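Encoded as structure tokens, the structure appears first; notes follow it.
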Amino acid sequence: MAVSSSSSSLLLLLLISSLDWLSTPGSASLIDRDQMTSPAPLGPHFTDCISRDQVTFQCWWNPGDFHNLSAPGAVRVFYLKKDSPTSDWKECPEYIHSNRECYFDANHTSIWITYCMQLRSQNNVTYPNDKCFTVENIVRPDPPVSLNWTLLNISPSGLSYDVMVNWESPPSADVRGGWMRLEYQIQYRERNATNWEALEMQQQTQQTIYGLHTGKEYEVHIHCRMPAFKDFGDFSESIFIQVTKVPNKESALTLMLVLVFGVVGFLIVIMLVVISQQHRLMMILFPPVPAPKIKGIDPELLKKGKLDELNFILSGGGMGGLPTYAPDFYQDEPWVEFIEVDADADAGEKEDNQSSDTQRLLALPQPVSHHMNKGCSNAISFPDDDSGRASCYDPDLPDQDTLMLMGTLLPGQPEDEEASFDVAERAPALERSERLLIQTQTGGPQTWVNTDFYAQVSNVMPSGGVVLSPGQQLRIQENTSATEVETQKKGKEPEGSKDTEEKKQKELQFQLLVVDPERSGYTTESNAQQISTPPSSPIPGEGYQSILPQPVEAKPAATAEENQSPYILPDSPQSQFFAPVADYTVVQEVDSQHSLLLNPPPRQSPPPCLPQHPLKALPAMPIGYITPDMLGNLSP
Amino acid sequence: MHMMTALQRGAWALLLWPYLLTVSIPLDCKEEQGSFSRCPYISQEKLLDRVIQHAELIYRVSEESCSLFEEMFVPFSLQLQRNQAGYACITKAFPIPSSKSEIQQISDKWLLHSVLILVQSWIGPMVYLQTTMDHYDGVPDMLLNKTKWVSEKLISLEQGVVVLLKKMLDEGMITTTYSEQGLFQYEVQPDMLESVMRDYTLLSCFKKDAHKMEVLLKLLKCRQTNNCP
């Protein structure tokens, strides 16, 4: 029951849906809708009637489910031309049985007149469903011919382009004669797309397609119809449009031009910056390469030949700011290197004549020192900026007495031909100085050496010890400044020997900074010279920098009377004279009488009370010798 | 409903405005003697072109009107029968050939006369159609405007054809027959459906005749330009 009712309802639904399908509005005359959607057997009917040129037309029929009617001649076509009320049915003028077609030629075709088509059987049984139309309403023009395209332009980016498509009207349609008017519609799509894009209909025989993409292939076809009529004709054959992207030489050229101009502009900017000497820009673009430089001293002076000015400045006579600087940057530098300043021209002479002051002093063989002199001649060292320059340090060579103790800060020409500044490492220098002293004390070499030996007391330790550091360079004179100094030595036991030493070191200008806490003065070389040898010319302005517990008097002349000032002597040197005599001595302490107690800087045993820590880190550094930079590490 | 009408009106206005622009210039100024309107001299060719343009437009608008009317008022079941009523379009005794070959044998004079007769025969019914359409319920304004526009353009077309006749054929003045009763005898039909069907038939017949006018004029043009196959 339910099943039958549901099936009937389904059938009803089917019928309704078929009726809906039937009821779609459309051109009543043109589309041959088969109204027999019911399950009844389908009889013969007309499938379509078409006119291509509005001059002739054809109709096709279908025999339907009755196969016995498929034989040619079994079904006959009749038409009625309603051009007068008295017209009647006539048979098809021309059968084409192979096609089941009835063809009406020009003589039988009239427009603006209604035709009705009818199918009849052999015995005049009329099949239902006539087909009525007017010829102009069934016109479906042939597709246009000669479809082709031309490229209009390509976008500057090369990605899209426009195309002009043109064609000709179908030859069957008499457009030129005015018999038919056609309007065309172009459709295009990408190669593998499913949907066609339709352009606007128009009556001209050309149209532009805009915005096609390069690299893609497009398919284009066209059809036409009579304006204000409904049916389009068939589509034409498709044509394919493709434009490949051409490497744009113009763009490459412009790119190159842009690059060239950019580079040229950049170079011009750099040139302008360089020329205009804008300091800030120069600093940014061309960061300065560190050059030899001393704080407060014009780098020009650091060049050769300007030793006098440098000495002047360093002695405090220049800007005046330098004296306070010197200890500061001495403290910064762990190493102070000694420079042997030898004029190249005189190098040979010196080395020949004064190959080694110490050597001469000690009557040591020269070649080594000679060697060493040469090796060190051109070295320039300054604590500030030199860290890797060639140093003359060679711990293996025992005969480095020539490289003596003078810590010269600056290279310079030797003031005398006889004088030479020897640069030496401190450690060996000290050793050598010790040796020298020892040797001299023990009746050392007979030769007088024209080396400056001086030490500068750069600081006094809180514990009372005096720190010596390489002082300024000093013009060495060939006279007896050393001797004078020697004579001034008060020392202890070795005084006597020192006298001899002094004499022997007549030429030796050995300067020690003498500290007199009481006198608050210092002795300079000039003073020493004055004291000992009046004719010796004082060297003004080359005072030593010394740090005294009391205010220092700047004028060296005032301290002319400081002959009595205590000398710095190696403390108990004799006991340690087996070790090489150092050129520098360390003031160990100040005794109750404000006399400095010196300690020879022994290599083996460090003197007591001296902190060892900074020194041990340095190889071959004389133990017990404190450099200014180590002061900071020391604690009382 | 009003939205639909508004949309249709807008669509129709959009469709027709370029035509209205082109057609706004009067076809012939020689008729308007004494008027202040400036009429430029127009050549015969241009006049013929203008006339053809009129005919094309009229046909287009008539086709649209017919479709619109059919869609709105004619029941579906009767639409299929439209073609059955081929007799309803009664032509005058002045037969107009309907095949291409026959038409091509007609002289220019006859072509123009045929067009003139057609135009004149439809002026009356279009006016009538306007009046009857107002009686329908929910008739869209677009439809009314179209019919009104067609009426106006038919009159212009008639004027143009008359001038053409004068120029081309050197014929005398042909009086425009506005008061002609026309082909159809119209009575007020009480039945709505009958009225609708009659109007529907009227519109379809007019559409056909508008097409006739267009074809005839184009053939004439082809002959004038000596470019005919």
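Line order of the protein sequences matches chains V and U.
Numbering follows the working numbering, with no gaps: position 252 of the first sequence is 236.
In the working numbering, each number is its position in the second sequence, counted from 1, plus 701.
Don't be surprised by glycine CBs; every beta carbon is placed ideally from N, CA and C.
Just so it is clear, the structure is predicted and the values come from calculations on it, not from any experiment.
* DSSP state of V:Phe296, grouped into three classes? -> helix
* To do: Using a Cβ-Cβ cut-off of 7 Å, state whether V:Ile15 counts as contacting chain U.
  => At V:Ile15, the pLDDT of 43 sits below 50, so the modelled position is not reliable and the matter cannot be decided from this model.
* To do: Note down, in chain order, every chain U residue with its Cβ under 7 Å from the Cβ of V:Ile97.
  => Ser799
* Between the C-alpha atoms of U:Glu881 and U:Arg899, what's the straight-line distance to the nearest angstrom? -> Bear in mind that the predicted position of U:Glu881 carries a pLDDT of just 48, short of 50, making it too unreliable to give a figure here.
* U:Leu870 beta carbon less than 7 Å from that of U:Lys810 -> yes
* 8 Å contact criterion, which V:His29 and V:Asn150 should meet: CB distance rounded -> At roughly 41 Å, the Cβ-Cβ gap does not stay under 8 Å, so V:His29 and V:Asn150 are not in contact.
* Asked: Are U:Gly861 and U:Val752 touching if we call contact CB-CB under 7 Å?
  -> yes
* Asked: What is the residue span of the beta strand (DSSP E) that V:Glu152 lies within?
  -> 144 to 152
* Given that V:Pro155 touches chain U, what residues does it touch there, using C-beta distances under 7 Å? -> Correct list: empty, because the minimum Cβ distance to chain U is about 11 Å.
* Of the residues V:Ile170, V:Thr178, V:Asp72, V:Asn295, the one placed nearest V:Phe62, counting alpha carbons only -> Among V:Ile170, V:Thr178, V:Asp72, V:Asn295, the Cα nearest to that of V:Phe62 belongs to V:Asp72.
* Asked: Excluding five sequence neighbours on each side, which residues of the same chain lie with their C-beta closer than 8 Å to the C-beta of V:Phe220?
  -> Here the sequence assigns Ser to residue 220 of chain V, which means Phe is not the residue at that position. So the list reads Pro127, Pro128, Val129, Leu131, Trp151, His205, Ile206, His207, once near-sequence residues are dropped.
* To do: Give a yes or no on whether 7 Å exceeds the smallest Cβ distance from U:Ser852 to chain V.
  => no
* Please list, in chain order, all residues of the same chain as V:Gly195 whose beta carbon is under 6 Å from its beta carbon, the five residues on each side excluded. => Ser144
* CA-to-CA distance, V:Pro272 to V:Asn295, given in whole angstroms -> 27 Å
* According to DSSP, is V:Val450 helix, strand or coil? -> strand
* Roughly how many angstroms separate the alpha carbons of V:Val451 and V:Lys279, rounded to a whole number? -> CA-CA distance, V:Val451 to V:Lys279, rounds to 23 Å.
* Would you say V:Ala182 reaches chain U, if we count a Cβ-Cβ gap shorter than 7 Å as a contact? -> Not one chain U Cβ lies under 7 Å of V:Ala182.
* To do: With DSSP as the reference, label U:Ile807 as helix, strand or coil.
  => coil
* Helix, strand or coil for U:Leu903 per DSSP? -> Here U:Leu903 sits in helix by DSSP.
* **Beta-carbon separation (whole angstroms), U:Lys913 vs U:Leu819, contact threshold 8 Å** => Yes, U:Lys913 and U:Leu819 are in contact; Cβ-Cβ is about 6 Å, under 8 Å.
* To do: Below 8 Å on the Cβ atoms is my guess for U:Glu757 versus U:Glu859; work out the distance and round it to an integer in Å.
  => Not confirmed; about 16 Å, so no contact.
* Asked: What residue does the beta strand (DSSP E) around V:Val204 start on, and which one ends it?
  -> 201 to 209
* Does DSSP put U:Ala707 in a helix, in a strand, or in coil? -> helix
* Asked: Taking the alpha-carbon positions, what's the U:Ser822 to U:Thr832 distance?
  -> 17 Å
* **Neighbourhood of V:His92 by C-beta distance below 7 Å, restricted to the same chain and skipping five residues each side** => Pro77
* Asked: Which bits of chain U does V:Trp163 rub up against, with CB to CB less than 8 Å?
  -> Residues of chain U whose Cβ lies closer than 8 Å to the Cβ of V:Trp163 are, in chain order, Lys801, Val916, Lys919, Leu920.
* Asked: At a Cβ threshold of 7 Å, is V:Ala58 touching chain U?
  -> No, because no Cβ of chain U sits closer than 7 Å to the Cβ of V:Ala58.
* **Residue span of the alpha helix (DSSP H) that contains U:Lys747, given as start and end** => 745 to 774
* Rank V:Ser35, V:Ser260, V:Leu135, V:Pro446 by C-alpha distance to the C-alpha of V:Pro125 and give the top, closest one. => V:Ser35
* V:Arg165: buried (16+ other C-beta within 10 angstroms of its C-beta) or exposed? -> By the neighbour-count criterion, in which a residue is buried when 16 or more other Cβ atoms sit within 10 angstroms of its Cβ, V:Arg165 is buried.
* Just mark U:Pro841 as buried or exposed, buried being the case when its beta carbon has 16 or more other beta carbons within 10 Å. => Classification for U:Pro841: buried.
* For the putative contact between U:Phe774 and U:Val897, defined by C-beta atoms under 8 Å, what is the C-beta separation to the nearest angstrom? -> 5 Å
* To do: Can you give me the Cβ contacts of V:Ile95 inside the same chain, cut-off strictly under 8 Å, excluding the 5 residues immediately before and after it?
  => Gln38, Thr118, Val119, Glu120
* Bridge partner(s) assigned by DSSP for V:Arg160 -> Beta-bridge pairing links V:Arg160 to no other residue.
* To do: Give a yes or no on whether the minimum CB-CB distance between V:Val61 and chain U is below 7 Å.
  => By this cut-off, V:Val61 is not an interface position.
* Asked: Does any CB atom of chain V fall closer than 7 Å to the CB of U:Glu764?
  -> Yes, its Cβ sits closer than 7 Å to a Cβ of chain V.
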